[in-house]
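Everything on this sheet refers to the single structure shown next.
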Amino acid sequence: MTAGLRTRVLAAGYGRLLRPVLFRLGGGDPEVAHERTLAAAQTLARVRPLRAAAAGLHVRGTSRRVAGIDFPGPVGLAAGLDKFGVGVHAWGALGFSHVELGTVTAHAQPGNDQPRLFRARESRGIINRMGFNNPGAAALAATLERAGVRRGNRAAGIPIGISLGKSKVTPLAEATGDYLTSFGLLAPHADYVAVNVSSPNTPGLRSLQDADALQQLVAALVTAARSFDATDPVPVFVKVAPDLTFDALEDVLSVCTAAGAGGLIATNTTLSRDGLVGADRALADEAGGLSGAPLTARAREVVGWLAARTELPIIGVGGIMSGDDALAMMDAGAALIQLYTGYVYRGPALVNEINERAR
Ligand SMILES: Cc1cc2nc3c(=O)[nH]c(=O)nc-3n(C[C@H](O)[C@H](O)[C@H](O)COP(=O)(O)O)c2cc1C
19 MTAGLRTRVL AAGYGRLLRP VLFRLGGGDP EVAHERTLAA AQTLARVRPL RAAAAGLHVR
79 GTSRRVAGID FPGPVGLAAG LDKFGVGVHA WGALGFSHVE LGTVTAHAQP GNDQPRLFRA
139 RESRGIINRM GFNNPGAAAL AATLERAGVR RGNRAAGIPI GISLGKSKVT PLAEATGDYL
199 TSFGLLAPHA DYVAVNVSSP NTPGLRSLQD ADALQQLVAA LVTAARSFDA TDPVPVFVKV
259 APDLTFDALE DVLSVCTAAG AGGLIATNTT LSRDGLVGAD RALADEAGGL SGAPLTARAR
319 EVVGWLAART ELPIIGVGGI MSGDDALAMM DAGAALIQLY TGYVYRGPAL VNEINERAR
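Numbers given in my numbering equal positions in the sequence shown, counted from 1, plus 18.
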């Protein structure tokens, strides 16, 4: 089967069969669809022949080296979809060049009350206020240990990033210690770590993007990375919000450069509701971060702005809904890209489309 035909098969299978079912599950509750998707990924991760069949339908990407890590393609799965690492062996077979697990926190926590996830279908967006529901860093470390995933061993076939956040119970003033606890537990399993200071769903978290707080946090994590492995420290990426002003981004960039960050991830979800159209305007008052098509232009603008001012590699994420969006993000200066919402709406064909075009 040619690459084009495989992509058309995946597009039809997802668009006509799977997505209509997924979007109706649990009376249309997106969290039920999310759980079923993860269960399917877990099955794929466990059953080798299924994984081989999935890999056969996917197009491989072209490899590239970023922050000293070899990625087998341009497009990864963004943080938040596989928080617990249950599908860690599946994502490579689905054409992704890396997965960012998490966000996890030092303490296990349930996240916000449901409902906390909303589809804005007309706008091709999602609003979420999940609030870092996760089993805690120690549980993720145990999952990865069982799965045989250790830094650099490519047991999953692709590099593994791990996103770290702050536990809700930990006061902001003690945030650094919280991140360091998670980092200590997970560093043996991570090819890179992402410092999530940009989720809108943990009170005060975004203030950790302020210069002084960020300096303290990133410097502490980079120092820890060097103490774990002096010759080849785990790269520390910083994930930023799209709602920062250019002045604030300038500060973030200075801090990241001075503190020795390995790169940036731009962007997280937005608090803006400008991109909501039609019936989705009714969702405008739901608290949380908006992702998907309403974020495309701003995320690309932030990536372009950062790339023009730094040599640090940038992972571009936000509203990549098509191969064209992916190419535009890379033209803006992204060394790698990631998907979340585009994968929900377009499914596995989107990964093929990107891998075919971004060569
Ligand atoms: C339901 C949901 C949960 C998310 N959880 C996280 C998270 O835990 N950590 C994080 O850094 N980003 C999280 N994100 C943000 C995504 O990783 C991504 O930065 C954002 O959605 C923009 O990309 P997209 O438009 O392709 O979705 C989440 C996004 C969604 C939709």
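Cβ coordinates follow ideal geometry from the N, Cα and C atoms, glycine included.
>> Just checking lysine 101 against ligand 1 - is the residue's beta carbon closer than 7 Å to any of the ligand's heavy atoms?
In response: Working through the sequence shown from its first residue, we reach residue 101 at position 83. Yes, the Cβ of lysine 101 comes within 7 Å of a heavy atom of ligand 1.
> In three-state terms, what does DSSP make of leucine 182?
Replying inline: On the sequence shown, position 164 is the one that residue 182 refers to. Residue state for leucine 182 is assigned as strand, using DSSP reduced to three classes.
> Looking only at its own chain, which residues have a Cβ that is under 6 Å from the Cβ of alanine 63, when we skip the five neighbours before and after it?
Replying inline: Taking the first residue of the sequence shown as position 1, residue 63 is located at position 45. These residues qualify, in order along the chain: Gly105, His107, Ala108.
> What's the gap between the Cα of threonine 199 and the Cα of alanine 138?
Replying inline: By one-based count along the sequence shown, residue 199 stands at place 181. By one-based count along the sequence shown, residue 138 stands at place 120. The alpha-carbon atoms of threonine 199 and alanine 138 are separated by roughly 36 Å.
> Comparing the C-beta of alanine 165 with each C-beta of chain C, is any distance below 8 Å?
Replying inline: No chain C is present in this structure, which holds just one protein chain.
> Which one of Leu56, Ile355, Gly351, Met339 has the shortest CA to CA distance from alanine 367?
Replying inline: As a working mapping, residue 367 is identified with position 349 in the sequence shown. The shortest C-alpha separation from alanine 367 is found at Met339.
> Can you tell which of Gly341, Met148, Gly183 has its C-alpha closest to the C-alpha of glutamate 304?
Replying inline: As a first step, residue 304 must be located in the sequence shown, where it is residue number 286. Its Cα nearest to that of glutamate 304, the residue Met148 stands out among Gly341, Met148, Gly183.
>> Pairs of beta-carbons, one from the region 153-161 and one from the region 339-357, closer than 8 Å: are there three or more?
In response: No, the region 153-161 does not touch the region 339-357.
> Could you give the residue range of the alpha helix (DSSP H) that holds valine 27?
Replying inline: As a first step, residue 27 is located in the sequence shown; it is residue number 9 there, counting from the start. Valine 27 -> alpha helix (DSSP H) spans 21-30.
> Sorry if obvious, but does the Cβ on isoleucine 144 come closer than 7 Å to a heavy atom of ligand 1?
Replying inline: If you number the sequence shown from 1, residue 144 lands on position 126. The nearest non-hydrogen atom of ligand 1 is less than 7 Å from the C-beta of isoleucine 144.
> Quick check: the region 64-76 against the region 317-332, are there 3 or more CB pairs under 8 Å?
Replying inline: The region 64-76 makes no contact with the region 317-332; the number of CB pairs closer than 8 Å stays below 3.
> How big is the Cα-Cα spacing for glycine 334 and isoleucine 283?
Replying inline: The sequence position of residue 334 within the sequence shown is 316, counting from 1. The sequence position of residue 283 within the sequence shown is 265, counting from 1. If you take the alpha carbons of glycine 334 and isoleucine 283, they lie about 6 Å apart.
> Of the residues Val295, Ile372, Gly74, which one's Cα is nearest the Cα of glutamate 140?
Replying inline: Looking up residue 140 in the sequence shown gives position 122. Of Val295, Ile372, Gly74, the residue nearest in Cα terms is Val295.
> What first and last residue would you give for the beta strand (DSSP E) that runs through valine 240?
Replying inline: Residue mapping note: residue 240 aligns to position 222 of the sequence shown, counting from 1. Careful: valine 240 lies outside any beta strand (DSSP E), inside the alpha helix (DSSP H) at 229-246.
> Which residues in the same chain have their Cβ closer than 6 Å to the Cβ of arginine 316, if we skip the five residues on either side of it in sequence?
Replying inline: Here residue 316 is taken as the residue at index 298 of the sequence shown, counted from 1. Close CB contacts of arginine 316 within its chain, under the 6 Å cut and outside five residues either way in sequence, are with Pro260 (chain order).
> Could you give the uninterrupted runs of the beta strand (DSSP E) lying entirely in the region 119-172, keeping only those of 3 residues or more?
Replying inline: Positions of the beta strand (DSSP E) runs, each at least 3 residues long and wholly inside the region 119-172, are given as 135-138, 143-146 in order along the chain.
>> In this structure, how does DSSP classify isoleucine 338 when only helix, strand and coil are distinguished?
In response: Position 320 of the sequence shown holds residue 338. Three-state result, isoleucine 338: coil.
> Tell me the DSSP bridge mates of aspartate 292?
Replying inline: Counted from its first residue, the sequence shown places residue 292 at position 274. For aspartate 292, DSSP assigns no beta-bridge partner whatsoever.
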